[in-house]
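With the working numbering applied, the sequence shown corresponds to residues -7 to 280, in that order.
Contents: one structure, followed by commentary.
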Amino acid sequence: MRDIEIERLSGTVGAVVHGVDLTKPLVNSTFDTILEAWHDHSLLVFRDQNLEPNDHIAFARRFGEIEIHVLKANLMPEHPEILLSSNRKKPDGKRIGRAYNGEYWHSDGAYLPAPSKASLLYGIEIPVGYGDTMFASTNAAYEALSQPYKNLLDGLTCAHEFHQVYRTNKDRLAEFKVSAEESEYTNSPITIHPATHTHPETKRRALFVDPNFATGFPELEPGESDALLAFLRNHVTRPAFTYRHRWQPNDLLLWDNRSLVHAAIVDYDDTMPRYLHRVTVAGQPPQR
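Now the structure itself:
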C-alpha cells in the first residue's frame, strides 16, 4: 500500500483520501490516520473502491456498532446492514430500495434517542454529473454565531421527530407513504436533545437542530421557537459552511453525523439509473 495522502476539498468540509484500498484489511496505523482525517474534515471521500458488501460492512464496523435501518423493505436481503438507495425498478414496477432518498437537509438518525454516529455511502451506478450530495458543517455554523445566540442555544433543548420530514416534504415524498411496518416507529414519541452539543472526540461544539427533523424548542413560546428554527435552518446551510460532492462510480463517502447535515440533489429521473449502498454506525445521545 502506498502512503496515504489527504487532500482537502473545501475550507470547512471534506477531504479525499488517496492511497487506500478498502478491500484489504487496514493496519491500525493506517486506520488511525483515516480516523484523524475524519475528525479533522468530518467527510472523507475514497475514490475507485471496488467494494463487495462484506468489505463495506467490515470497514464500517471499525467505527462502531452497525445500526439496522427501520426501512426494512429497503434493506439488502442477504446483508440487512445495507440500506439500498436506488431509483431502479423490478419487472413488477416496484422499487429496488429507497428512491430519491434524503432530498432534504438532515442528519441521519437525528430523531433517535442515540442519533447515528457515521454514515458510509457507496456509489455503484451513478448518473455522472447528476445527483450530487450537499454537506454543511454544524460546527462551523455554531462557531459563526454571535455570543448572545450561542448563550441562548446552549441553554435550550430541541425536539426531533421522524415523521416531521413527511409533513415538511409531503409533495416530494408522496410516493413514500409510511408503511404499516414503519408506523409504530414514525409515530413514536418526540425525542429531545440539547440544541448544541460537544463532539465526543474533537470536543468542538456544534448545533444539534436538524433542518428537517426538528420541530421546535420546548423552553420557548411557539412564535419564538418557530422564528429561531427558521433562522437556524437557513443559517446552517449558508454557502460558507458547505461542500457539494459530485459523485463518481465507486466513490465511498464516510461522514460524521455529529458535525454535519446533508442533502441529496434530485436533478435526475428514472431514465438515469442510480444505485448506492449505505451502512450506518450507531451513536450515543448528544451531550452538552
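Note that CB positions come from ideal geometry on N, CA and C, so glycine has one too.
Annotation: the continuous beta strand (DSSP E) that includes ALA256 extends over 252 to 256.
If you draw a straight line from the Cα of VAL9 to the Cα of ASP40, it comes to about 11 Å.
Distances from the CA of HIS98 to each of VAL253, MET68 and ARG280 were compared; the closest alpha carbon is that of VAL253.
If you draw a 10 Å sphere on the C-beta of LYS82, you find fewer than 16 other C-beta atoms in it, and that means exposed.
Our two residues, HIS185 and ASP84, have alpha carbons roughly 42 Å apart in a direct line. Buried is the label assigned to THR183, since at least 16 other Cβ atoms lie within 10 Å of its Cβ. A distance below 7 Å between beta-carbons, with the five flanking residues on each side excluded, links GLU95 to the following residues of its chain, in chain order: ARG164, ALA255, ALA256 and VAL258. HIS227 places its beta carbon 8 Å or farther from that of ILE74. When Cβ pairs closer than 8 Å are counted between the two stretches, the stretch 228 to 246 is seen to touch the stretch 34 to 48, the count reaching three or more. Beta-carbon to beta-carbon, PHE55 and LYS109 are separated by about 7 Å, close enough to satisfy the 8 Å threshold.
Note: GLY208 is bridge-paired with ALA151 in the DSSP secondary-structure output. Boundaries for PRO241: no beta strand (DSSP E) harbours it, and the DSSP string shows neither H nor E there. Judged by DSSP in its simplified three-state form, TRP97 adopts coil rather than helix or strand.
With contacts defined by Cβ atoms closer than 8 Å, ALA198 and ALA151 do not form a contacting pair. For PRO119, the CB contacts under 8 Å within the same chain, skipping 5 residues up- and downstream, are TYR260, MET264, PRO265 and ARG266 in chain order.
Check the Cα spacing between TYR122 and each of LEU14, TRP239, LEU67 and THR194: the tightest is with TRP239. For the pair HIS155 and ARG250, the CB atoms are not nearer than the 8 Å cut-off. In the three-state reduction of the DSSP assignment, ILE49 falls in the helix class, which pools H, G and I. In this structure, ASP124 lies near ARG236, with their beta-carbon atoms less than 8 Å apart. Under the DSSP assignment, THR130 falls outside any beta strand (DSSP E), being part of the alpha helix (DSSP H) whose first and last residues are 130 to 135. Within the model, the alpha-carbon separation for GLU216 versus THR272 is close to 34 Å. Using a Cβ distance threshold of 8 Å, PHE209 and LEU112 do not count as a contacting pair. About 11 Å separates the Cβ atoms of LEU137 and ALA187, ruling out a contact at the 8 Å cut-off.
The C-beta of ASP100 has 16 or more other C-beta atoms within 10 Å across all chains shown, which makes the residue buried.
Under the three-state reduction of DSSP output, SER217 falls in the helix class.
Inclusion of ILE(-4) and VAL12 in the CB contact set at 8 Å is warranted, their separation being smaller than that value. Between ILE60 and LEU76 a beta carbon distance of about 13 Å is seen, past the 8 Å cut, so the two are scored as non-contacting. Note on ARG90: 16 or more other CB atoms within 10 angstroms of its CB, so buried under the neighbour-count rule. DSSP places ASP124 in the coil class of the three-state scheme, outside both helix and strand.
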